[in-house]
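Heads up, the sequence shown stops at 441 in my numbering, and the numbers go up one at a time, no gaps.
Glycine is no exception: its CB is placed at the ideal position from the N, C-alpha and C atoms.
These notes concern the structure reproduced below.
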Amino acid sequence: MSDAPETRPCPDCASPVRAANQSFCDGCGAFLRWDAPAVATREEPEAPRATTGPEEVTTPLPAVAPEPEAPAPEPVREAPRAPEPPASDHPSAPAPSPHTVARSLLVPVPEDRPSEPAVAAPVLPARPEAARPAVRAAEAATPVPGGTPCPACSLANAPGRHFCRFCATPMVPERLSTAEGPYAGRRPGLARDRSRWIVRALIAAGVAAVVVGGVLGGPPAARAVQDHFATRVPVHPVSWTASHSAPNQEPKLAGDGYSNTWWGTGYAGDSEGQYLEAAFAEPTDLLSLLITPGSSKNTTQADGQATPRTFDLVVKDASGEIRVSHHRINDGGTQRVDLRVRDALSVRLVLRTAWRADPRKQVAVAELEFFGRSVT
């Protein structure tokens, strides 16, 4: 065995390195720990061999460093290792250039490394698109042998179908489908009531009659419609007169606004022909009047007077025309009478018959109120 220290060549300058655990070269200062140190093996004594002849003396061969094996391919993601420089049999071989060493450090993976699996190329972020549905090709429809032929395309269909498989024509005639009822996909007809058309026709005829009447009737018909929907306001007469009056029962008491004061004819019985007249300061469009017959609203009093039953209303307008209308009212209570006269100047109430006429009673009128068209 030799006592000389173990040596190995420097990978950069090929200078011998004596220490096995030395980290830097003494000649160039290169780092020696990138790969496993190649330590020169010591000469091991050979085991004695049994011989029959004289013992032979063998000279030990010089120790030769084993040739390093090529590094196995490493995984792609492990830390890179510097490849071990190839061993040279000649110590005087030129050292590798620094560029070669640097390249071996930067590209540690051999060229024949296995190919990596294909990875999708990176893309910019965007709105994801929904996967398009796969469209299946339509299967060719084959007519059914011995099936029911379609009335339109004459191709045979399976029994029991309501529509043709090829052209969607109804397979069941209309007259036969009504017997078994509507089938799926068929909406039955609605049962319509024809009486609605009669009602609509009558309404249309009424509207047409109103329009034609308004056109043919002219202004009077239009005025009648206006009077019907007009707003009514009280109209106060400026003077009251009567054909005859009882003592202390003057005509103006019929327009004072109190129902417990009244105008009396002063004659017993029904006082036929007696009248009460109210005059206006200017022509007025009268629509109606309210009459409260008797001496009070309470007609059940024992001393109550007779009340008008039938009477005439004589209206004189601004043109001098006189309009006469006949009216009938009940016994007691305030009642309404329609007039609808344009440009009225005076209204006269002429008595004809009376309720509860008696030789000891006279016909009385508690209140007479007039209403006309509002001008606002």
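query	result
Beta-carbon proximity check, F345 vs L404, cutoff 7 Å	no
Reduced DSSP secondary structure (H/G/I, E/B, other) of R265	helix
Assigned secondary structure, K317 (DSSP; H/G/I helix, E/B strand, else coil)	helix
Residue environment, V380, which counts as buried when at least 16 other CB atoms sit within 10 Å	buried
Bridge partners - E469, DSSP secondary structure assignment	The question about residue 469 has no answer here: the residues shown for the chain are numbered 66 through 441.
Cα-Cα separation, V298 to R259	47 Å
Opening and closing residue of the beta strand (DSSP E) in which F436 lies	Q427 to R438
Between the CA atoms of E194 and L97 - distance to the nearest angstrom	57 Å
Three CB pairs or more closer than 8 Å across the region 318-327 and the region 379-394	no
Backbone CA spacing between D335 and D423 [nearest angstrom]	8 Å
Contact set for S360: own chain, Cβ-Cβ below 7 Å, skip 5 residues either direction	W327, G369, Q370, A429 and A431
Closest by C-alpha distance to K426, when choosing among G338, T372 and A333	A333
V200 - partner residues in DSSP beta bridges	Beta-bridge pairing links V200 to no other residue.
Sequence-distant residues of the same chain with beta carbon closer than 7 Å to F376, five excluded per side	H392, L414, V415, L416 and R417
Sequence-distant residues of the same chain with beta carbon closer than 8 Å to S88, five excluded per side	F96, L97 and R98
CB contact flag (T40, G437, <7 Å)	No information on residue 40 is available, as it lies outside the stretch 66 to 441 that the chain covers here.
Local Cβ density within 10 Å of G329, reported as buried at 16 or more and exposed below that	buried
Close-in-space but distant-in-sequence residues of the same chain around A343 (CB under 6 Å, 5 per side omitted)	P302, W305 and V412
Bridge partner(s) assigned by DSSP for P299	F436
Nonlocal neighbours in the same chain, by C-beta distance under 7 Å from S310, ignoring five residues either side	P316, W328, G329 and G331
Environment of V440 [buried if 16+ CB atoms lie within 10 Å]	exposed
Own chain, CB closer than 6 Å to A221, minus 5 neighbours either side, in chain order	P208, V209, G212 and P214
Pick from V402, W420 and A199 that is closest to E434, judged by C-alpha positions	V402
Three-state secondary structure assigned by DSSP to V209	coil
Neighbourhood of A295 by C-beta, 6 Å cutoff - its chain only, sequence neighbours within 5 removed	R438
Buried or exposed (CB count within 10 angstroms, at least 16 for buried), Q314	buried
Distance between V200 and R192 (C-alpha atoms, nearest Å)	24 Å
Identity of the residue in H293, A269, I268 and L352 nearest V300 by Cα	L352
Alpha carbon of R421 to alpha carbon of T372, nearest angstrom	7 Å
Own chain residues within Cβ distance below 7 Å of S308, not counting five before or after	Q339 and Y340
Inter-residue spacing [alpha-carbon to alpha-carbon] between I268 and H293	21 Å
Counted within 10 angstroms of its Cβ, other Cβ atoms place P216 as buried (16 or more) or exposed	exposed
From I356, A383 and G225, residue whose alpha carbon lies closest to that of Q400	I356
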